[in-house]
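According to this note's numbering, the sequence shown is numbered sequentially starting from 2.
Read the structure below first, then the notes.
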Amino acid sequence: MRIVAPVSRVAEVAVLAEAGATELYCGLVPPDWRGRFQSISANRRPSGNLASYADLAEAVRSAHAHAAALSLVLNAQHYAAAQIEAAEEIAGRFADLGGDALIVSDLGLVERLATRFPALRVHVSSVATCRNAAAARLCQALGARRLILPRDVTLAEATAIAEEVPDIEIEAFVLNDGCIFEEGACHTIHLPGQLGGPICLDRYGFRHRRRDGGELSARLAARLQENDEAYERWLWYRFSCGFSTTPEGLPFGPCGLCALPALRRGRVAAVKIAGREAPTARKLASVRMVRSVLDRVCAGADAAAVRAFATRLRPSEAHCATGHMCYYPEVLRAAEC
């Protein structure tokens with residue numbers, strides 16, 4: 002099972018590969034993209050990209066020097082016709098630099114790039130929201146070598162896809178950056194000030210007043226307030242527990258560490274650490290956490306031992322007990338049975 006980690010700075014490549022990441026992924030927005038298309042990004046994370054083709058070339062060299070693969074992200078939800086051609090230009094430059102794979106969300110672009118650049122693997126982004134075996138077979142037919150599943154796919158669904166469609170690799174999320182909506186159907190960009198901020202940060206607070214202007218009953222108002230507070234707690238967990246860490250820098254937030262035994266047993270080929278725009282320290286701590294748990298899985302530790310080790314890493318027993326921090330809460334429910 003491969004550990005896939007994000008980079009947005011060339012220096013991170015060596016650091017994360019030495020910590021145990023076997024694949025790295027990055028983004029790039031060419032200098033002329035904004036001027037040509039009046040668009041800030043060629044992918045879903047405008048604040049998490051390398052600065053230039055020179056940086057991209059150095060990132061490829063560094064990854065290969067550390068026996069790691071480097072993927073380039075082209076995962077906007079859709080591209081206009083002119084942008085498709087520009088994305089193809091970016092892919093061609095990446096191929097010339099010796100890059101390994103492209104992470105692509107637009108299925109038409111998947112087929113085009115797989116056909117045009119056979120030396121590059123094409124991985125279908127989670128933004129494509131492909132979540133079943135039929136979708137996996139379509140991606141494979143279009144030339145994709147891997148399917149990255151959306152965040153809310155269950156363990157049973159992930160392993161069923163891997164079993165039913167063995168000719169395409171499956172990648173699943175393991176740490177960081179929980180989304181409260183389906184990312185592939187969400188058209189917000191994570192920038193402050195955009196129409197008051199991203200829609201996922203809107204609390205949608207209840208108005209504790211009747212539509213006719215009268216007051217609600219005390220009992221109903223209390224119930225609505227309770228729902229409001231529960232929603233706030235859930236949001237806090239989904240947004241990485243306020244992006245908090247332990248004193249050692251280990252990140253809290255969306256996590257699938259306890260699910261690694263089931264994912265590996267279910268032939269999931271790779272696990273993804275999210276967060277290209279995150280600080281280097283957070284990425285490094287994330288890779289170390291996944292590597293330490295996966296090493297125990299590979300050494301034959303049973304699921305209970307892995308779960309105990311994973312929850313003590315930060316430690317996060319209290320957070321884990323809520324189930325709100327889990328990518329795969331069914332692991333917690335199975336442990337309670």
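We treat Cβ as the ideally placed atom computed from N, Cα and C, and that holds for glycine.
Item: Which residues in the same chain have their Cβ closer than 6 Å to the Cβ of L258, if we skip the five residues on either side of it in sequence?; Value: V294 and A311
Item: When the Cα of Y329 is compared with those of G243, C180, S72 and A157, which residue comes out closest?; Value: A157
Item: Rounded to whole angstroms, what's the CA-CA distance from G28 to A83? Just pull it up for me.; Value: 19 Å
Item: Under a three-way DSSP split, which group does C27 fall into?; Value: strand
Item: CB-CB under 7 Å to S9, same chain, minus the five flanking residues each way: which ones, in chain order?; Value: C27, G49, N50, L51, R277 and E278
Item: Could you tell me the boundaries of the alpha helix (DSSP H) in which R10 lies?; Value: Here R10 belongs to no alpha helix (DSSP H), and DSSP marks it neither H nor E.
Item: Give the straight-line distance between the Cα atoms of S241 and R152, rounded to the nearest whole angstrom.; Value: 14 Å
Item: Taking H124 as part of the beta strand (DSSP E), name the residues at either end of that continuous run.; Value: R122 to V125
Item: Assess contact between the segment 136-148 and the segment 175-185, defined as three or more Cβ pairs (one per stretch) separated by less than 8 Å. Is contact present?; Value: no
Item: Which term fits H79, buried or exposed, when burial requires 16 or more other beta carbons within 10 angstroms of its beta carbon?; Value: exposed
Item: Between A322 and P252, what straight-line distance do the alpha-carbon atoms span, to the nearest angstrom?; Value: 17 Å
Item: Identify the residues that DSSP records as bridge partners of K273: which are they?; Value: V5 and F174
Item: Do A92 and R117 count as a contact pair if the criterion is CB distance below 9 Å?; Value: yes
Item: Taking DSSP as the reference, what is the three-state secondary structure of L143?; Value: coil
Item: For A271, which option in G21, A12 and A15 has the closest C-alpha, if you only look at C-alpha atoms?; Value: G21
Item: Comparing C-alpha positions only, which one of N133, A135, N44 and D107 sits nearest to V125?; Value: D107
Item: Please report the straight-line C-alpha distance between P167 and S245, rounded to a whole angstrom.; Value: 38 Å
Item: Please determine, among G109, P262 and V288, the residue with the shortest C-alpha to C-alpha distance to E86.; Value: G109
Item: Taking A135 as the reference, give the member of E164, V128 and R122 with the closest Cα.; Value: E164
Item: Provide the residue span of the beta strand (DSSP E) that contains A102, from first to last.; Value: A102 to V105
Item: Hey, could you find the ends of the alpha helix (DSSP H) V294 is sitting in?; Value: T281 to C299
Item: Identify the residues that DSSP records as bridge partners of A70: which are they?; Value: E24
Item: Could you give the residue range of the alpha helix (DSSP H) that holds S241?; Value: S241 to F244
Item: Hey, would you say V30 sits closer than 9 Å to T160, going by beta carbons?; Value: no
Item: Classify P252 as helix, strand or coil using the three-state DSSP reduction.; Value: strand
Item: When you compare only the Cα positions, how much space is there between V123 and L57?; Value: 18 Å
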